[in-house]
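Worksheet for the structure shown next.
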């Protein structure tokens, strides 16, 4: 095998990390008799010659050798190699051409096209693999033929002819999936492929997993809404899939059905419930993932689904419990129906702060985070235990702050830990920030001396900002800190002057001491500084009338967030006098950047009847099914959207026209 491997000058070729002289070793590793070496070689090839679906000259040079390998039926683990070849051939479709592309981009796209051509030219080699003794190879070959073979009708006939001879359920479903792919590639095959899938979906003699796959592919091609009984029929099929035979195809089919159902909340909740209570752990695992996606995408009553996720923490399959624990923290308050199950699981779990834990058990840190985000006092023992550790967890402060009023018993231990911290040298941020963040949320006047001690020991740097944020949150209780804060204001050019001004006003309400600095910062070149100045001016209210011209200038700022923060501050300072200028800025930002909506809704609430013209936006938001930030890659998607809904409900109530 690979007789001509060393005839190529690999050092003259390149991959993601430079010269490709190490590629021959990777290819030889694929043919190794040792499973670990084969797996490592495959990972290395993906990482080097096909990183993020890219194509290099070394990738093209690998193609003939990869085909040589998959043709040898004595070699194990060839299914993933077929998948690698398929991905190389499909890479060009991962990067749509732009309207205007540089010369370099055009050359790169040509390389992608060469990758497809190199694999497609040998696509006939996938046909005999449909009868390979390895079912993984047969599954991968069906997909490769559907995606890469130029003769669509012949390929469809080959797939159909193979079905009656295919003994493995997963490989049978791969044939149906491939037929649907052909229908997408070749419009003339849509009718015969759809007819075949329809026959398979309705054939009670076929395995349930195959019927599910056929039904899902039909759902994906449906021209209109899915039938009302889609979930019921899907549930019946799920119940007939033998344990251990769900496979990847069933999971893929269920993902397709969820996508086709879209925003049909009741149907998707019911389908998730079926998955979460299925006999096969693979189906339950997939149900957890789909439930998490549903929570992130759609608004609605999720109590039953959250409770089901909680029950899965005690699943007999440990990987299912681990998956459920990973989803629950991001639900924030929507996880409330699972709180008892989470607390019970945490009570018997390993130390959430341990550096070593079982890989197949629910992560106790996820459980703890779920409880803190619910404000559940059952999180207290674990948080208190963290204060006894030599090194504080980096997120302790956030967890305590999220726990809210229930964290009050921790105020004393937090003060003691901060007071005991050695400050002979400027403290490292990792040592003080968790304590300062936590004290800002739980402390009162008793916390101020410990915070001031840090502020004086670290007159500059990140710990200073942490201390200032804590003092700002403490508000009037931090009046004792006023002299130290005034000292920081003495240098207006200091990066700490602005947060010091915010802390001083929060502690003393002394507008005269901070106003001139805030006015100067409102015209700063940095949009971040301008925003911070506007946010510091807003709570001052009418006493900051001198800032009105600077805030009016922000209404025309090029940064939407500066406009929103400026408009909000202007309203709080001048009220009705500037309503005509403020409201258009807020409503325009609402459409331009959905992430501004919660802040905007808060300002609309403050505006009261002056915000009546914006009520249609508020009502439309409350009526929307999808979350305003659906698809935004953040762990706070649900939290932020629920906050927006709260703000909109308040705004709708407060601004409703009389009568």
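Residue numbers (this note's numbering): 1 to 659. Every residue gets a Cβ at the ideal spot worked out from N, C-alpha and C, and that includes glycine.
By the C-beta density criterion, residue 151 is exposed, having fewer than 16 other C-beta atoms within 10 angstroms. Per DSSP, the beta bridge partners of residue 19 are 14. For residue 464, the uninterrupted alpha helix (DSSP H) run begins and ends at 462–474, by DSSP.
Straight through space, the alpha carbons of residue 179 and residue 278 are spaced by roughly 28 Å. Looking at the DSSP output, residue 626 shares a beta bridge with 298. In this structure, residue 533 places its C-beta atom within 9 Å of the C-beta atom of residue 524.
By the CB criterion at 9 Å, residue 329 and residue 284 fall outside the cutoff. Closest by C-alpha distance to residue 139, out of 83, 402, 122, 87, is 83. The stretch 463–475 makes contact with the stretch 432–447: 3 or more CB pairs, one atom from each, lie closer than 8 Å. It is roughly 34 Å from the alpha-carbon of residue 388 to the alpha-carbon of residue 316. With a cutoff of 9 Å on beta-carbon distance, residue 275 and residue 287 are scored as near each other. The criterion of a C-beta distance shorter than 9 Å is satisfied by residue 402 and residue 375.
Nearest Cα to residue 619 within the set 650, 300, 258, 331: 650. Bounds of the alpha helix (DSSP H) holding residue 398 are 396–403. For the pair residue 473 and residue 506, the CB atoms are nearer than the 9 Å cut-off. A straight line joining the alpha-carbon of residue 128 with that of residue 194 spans about 25 Å.
In the displayed model, residue 559 falls within coil according to three-state DSSP, outside both helix and strand. Nearest Cα to residue 268 within the set 250, 299, 109: 299. In this structure residue 17 is exposed. Its beta-carbon is surrounded by fewer than 16 other beta-carbon atoms within 10 angstroms. When secondary structure is reduced to three states using DSSP, residue 249 falls in the helix class. If you check the CB distance, residue 173 and residue 143 do not come in under 9 Å. Leaving aside the five residues that flank residue 189 on each side, the residues in its chain whose CB is nearer than 6 Å to its CB run, in chain order, 152, 156, 182, 183. The C-beta of residue 313 has 16 or more other C-beta atoms within 10 Å across all chains shown, which makes the residue buried. Judged by pairs of C-beta atoms under 8 Å, the stretch 448–464 touches the stretch 409–420, as three or more such pairs exist. Going by DSSP, residue 228 is part of no alpha helix (DSSP H) at all; its letter is neither H nor E. DSSP, read as helix, strand or coil, puts residue 165 in coil. Listed in chain order, the non-local C-beta contacts of residue 339 below 6 Å within the same chain comprise 374, 376, local neighbours out to five positions each way being set aside.
By the neighbour-count definition (other C-beta atoms within 10 Å, threshold 16), residue 115 is a buried residue. Sequence-distant Cβ neighbours of residue 120 in its own chain, meaning closer than 7 Å and more than five residues away, are 89, 148, 150. Annotated three-state conformation of residue 327 is helix, per DSSP. Residue 186 carries a coil assignment under DSSP once its states are collapsed to helix, strand and coil.
In the DSSP annotation of this structure, the continuous segment of the alpha helix (DSSP H) that includes residue 70 starts and ends at 57–70. Taken through DSSP and simplified to helix, strand or coil, residue 632 comes out as coil. If you draw a straight line from the Cα of residue 125 to the Cα of residue 239, it is about 38 Å long.
Under the three-state reduction of DSSP output, residue 1 falls in the coil class, being neither helix nor strand.
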